[in-house]
Every structure is written in C-alpha cells, then in structure tokens.
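The UniProt record's numbering applies: residue 1 is where the sequence shown begins, and numbers increase by one. Backbone N, C-alpha and C fix where the C-beta goes; we use that ideal spot for every residue, glycine too.
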Amino acid sequence: MNPILNRAALLAGASALMFATAPAHAADKIKVGFMLPYSGTYAALGTAIENGFKLYVQQQGGKLGGREVEYFKVDDESNPAKASENANRLIKRDQVDVVVGTVHSGVAMALAKAAKDSDTTLIVANAGADAITGPMCGPGIFRTSFTNWQPAYAMGPVAFADGKKTAITVTWKYAAGDEAVKGFREGFEKAGGKVVKDLTVPFPNVEFQSVLTEIAAAKPDMVFSFFAGGGAVKFVQDYHAAGLNKSIPLYGSGFLTDGTLQAQGPSAQGLMTTLHYADGLNTPRDNAFRADYDKAYKLAPDVYAVQGYDAAQLMQAGLAAVKGDIGKKADFRNAMRSATIDSPRGPFTLSAAGNPVQDIYLRKVEGLENKVQRVAVQKLADPARGCKL
Ligand code: BEZ
C-alpha cells in the first residue's frame, strides 16, 4: 500500500476516533430548564426572571462556562397540584442540567423534592419557601432570591420605630403568606409591637372586601401584608379605594409594590416596604444592569429580573470553576456555594444552606419607583432552621 495514503488513512481514522471519544461536555450545550409561571397572577414575575437570566447569558456571548445554552420551558401556572409532573418534564423528559424556578412557594417545594430525588441542580430564582433552604436544603439546592422570612422580618423593627404598636396582617393563605406573616411577627414583637389579628384570603383570590371591612373595624396602628403580582395590584387599589390608607398605614414585603407600580398608579404612592432590591441604588453595577435591561426589553427591571440575572451569574461561577464540565457536579456546586455574586442589588454570598446573605432595603413608593430610603438590615441571613448542611 502507498505509505502516504496509508498515513493519511491512519490520521483520518485517528481524528474520527478523537471526535467520537471527545468528551460530550465540550461539544454539547448546557441545558437549562425554566419552570416558571407564564400564566395567572404571577405570569409577569416568571417572564421577568427569564428575561433577567437571558440578559446575563447574552452578555457572555450566549454562553455560560464557555458553552452555549439551550433553554427548555414549562408554564407551571403557579399550580402546586401540577408541580411534580411539570418538574419531571424538565428533569426526566428534557434531561436538563439545571432547573431554574419558580415563583410560587408551594410549587417550589414540589420542585425542590423532584430535584433532590433526581440529584438535579436547582436554582430557585424567586419562591421564598423557608423550608427549601431549611429542612429541605441539600448540596444541589440554591436560591438567588430570599426566604419569605427575610424581608418580612426586616419590616418589624422598622414599623415599630415608626411608632406602630399594634398590627393586623393580611395575606394569601399559602406558604409564602404564612411565612411572611410569621417573619414580620417575629421582628415586630421582638421590637415591642403586638400582632393583634391575622387575616387571609385563599390564593389567588382578589376579593378583599371582607378583610378590608374587618381592618376598618379593628383600627390597628398599621397593616402588614404579603401579596405579589396581579393580586398585589388589586389589593393596593382596593385598600386605597376604601380610604384606609388615610388612617391605617399599609406596609409589606416589597413584592407588594415591585413590578406593579404602573398598574397601581396613585393608590401605591407613599407605601413603605422592605426588600432586597430597590430603585435609586445608583451604583455603577445597578446602573449598567438597568440600562442593559431597558435596552433589551424596553422595560425597567424589577426584583424578579434581578433574581433571574443572578441565577445565571451563579451558574457562571460554578461553570467557570469546572471549565464548562458540568459533569463535575460536586466541584460545580461547591464553586456556586462559595461564590460572591456581583448582583445589581449589591454583592451577596450564599449561606451554608444556599440562601443569599443580603442587605434588606427600606423603600418608599415615589411615582413609578420604589425609592431606596436606607438599608433596614445589613447582611441579613435566614436562620435556615432545620437545615443540616
Ligand atoms: C412565593 O410564593 O414564595 C412568592 C411569590 C411571589 C412573590 C414572592 C414570593
């Protein structure tokens, strides 16, 4: 046989073998599954999380850890009854590398269980369910948002220092509302106040007349509330229309007025809330993020967009450490847990349980902004009760 041809054939064979045995991770895309609400009262929140995540990926040239990203999506409808099935669409059917989701605490707890059972990495980009970074915590479970306890607890001492001694709480009857109320009570009563009554409506009902009548009759010094998305718009409008804002100030976790101000209009003016993001931070990092988000989506970003953006930043931290080889699961996760995220909200780290340790801002609604007033609590860590990590 001609030796030159022979050598060429050998080289061709060798290079075919090289491609055949090249590690799959180098060529494949990273598969990210969004399990988010794209319909119902939390639809806008889901879209903002996806927008934020994709913005960061676009800023990295469409890649994380040097690998292209392929997206899979499920609309979870904020429906806990469909949550396990929806989670398994992404985990078992689409075999995603990482799930990013979701908004509703009840849905998120089922998602966290499915992620843990299958050892899939989960980044919770909103839902505050305390249990996820409490008893359900695990090496593959991360959050770039908050626990329901965090912003609500921070409001307690703020309201008491504002001269409020008695409070009624009002929220939707599900984990997020229950835990926000519990957090507020802890902070408020530790400061010296007293919660005199807890009122609830079923999720996602927006018939608030009977609770507003009860509040008017009881005349507490203040009301603390947890609502978000479409429900927050309606609650703030109804509270204002009932004239209650003139005599009984309304406070809340910042979800009450985040991403909702355009729709709430004059009814939200002056409301004070606590949250891990605010308008007017005026840092170079936040200004750049806001300009880029506005350019990409023709929208002002809200807290949900920030949480999605930071979910992508967290993934990037993990993937950079393993040079894109997401198969190195333990190293990928360890790098995420020890990362410092350069967030538009301000830099944050994760607790051992995987939840942000972060500043909580006091904000006041002025026009279309939740204007920062000051840091209410610095570097607030969730107590992570029940987490064994
Ligand atoms: C929750 O269900 O955890 C939640 C939903 C919307 C905003 C904040 C928290």
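Contact between Pro37 and Asp75 holds: their C-beta atoms lie close to 7 Å from each other, under 8 Å. The distance from the Cβ of Leu350 to that of Arg337 is about 6 Å, consistent with a contact at the 8 Å cut-off. Restricting attention to Gln59, Leu281, Ser253, the CA atom closest to the CA of Val158 is found in Ser253. When DSSP reads this structure, Ser253 sits in a beta bridge with Thr274.
Straight through space, the alpha carbons of Ala353 and Ala83 are spaced by roughly 23 Å. For Asp359, the enclosing beta strand (DSSP E) has its first and last residue at 356-366.
Nearest in C-alpha terms to Ala291, of all of Ala384, Pro344, Glu207, is Pro344. Remark: the C-beta of Phe255 is in contact range of ligand 1, defined as less than 7 Å to any heavy atom.
In terms of CA proximity to Thr169, Phe188 leads the group Tyr56, Thr340, Ala339, Phe188. Between ligand 1 and the CB of Gly128, the shortest heavy atom gap is smaller than 7 Å. DSSP lists no bridge partner for Thr133.
Sequence-distant Cβ neighbours of Asp258 in its own chain, meaning closer than 7 Å and more than five residues away, are Leu275, Asp302, Val303, Asn370. 8 Å or more divides the Cβ of Val100 from the Cβ of Ala278. The continuous stretches of alpha helix (DSSP H) do not include Ser338, and DSSP gives it neither H nor E.
If you draw a straight line from the Cα of Glu68 to the Cα of Ala167, it is about 51 Å long. DSSP, reduced to helix, strand and coil, places Phe348 within a strand of the structure shown. In the DSSP assignment, Leu314 falls within the unbroken alpha helix (DSSP H) covering 303-321. Contact holds between the stretch 227-234 and the stretch 35-54, because three or more Cβ pairs, one in each stretch, are under 8 Å apart.
When secondary structure is reduced to three states using DSSP, Lys165 falls in the coil class, being assigned neither helix nor strand. Pairing Lys190 with Gly156 gives a Cβ-Cβ distance under 8 Å. Not a single heavy atom of ligand 1 lies less than 7 Å from the C-beta of Ser39. Here Lys295 is not near Ile248, since their CB atoms are 8 Å or more apart. Taking Pro202 as the centre and dropping the five residues before and after it, the same chain places the C-beta of Trp172, Lys173 closer than 8 Å to its C-beta, in chain order.
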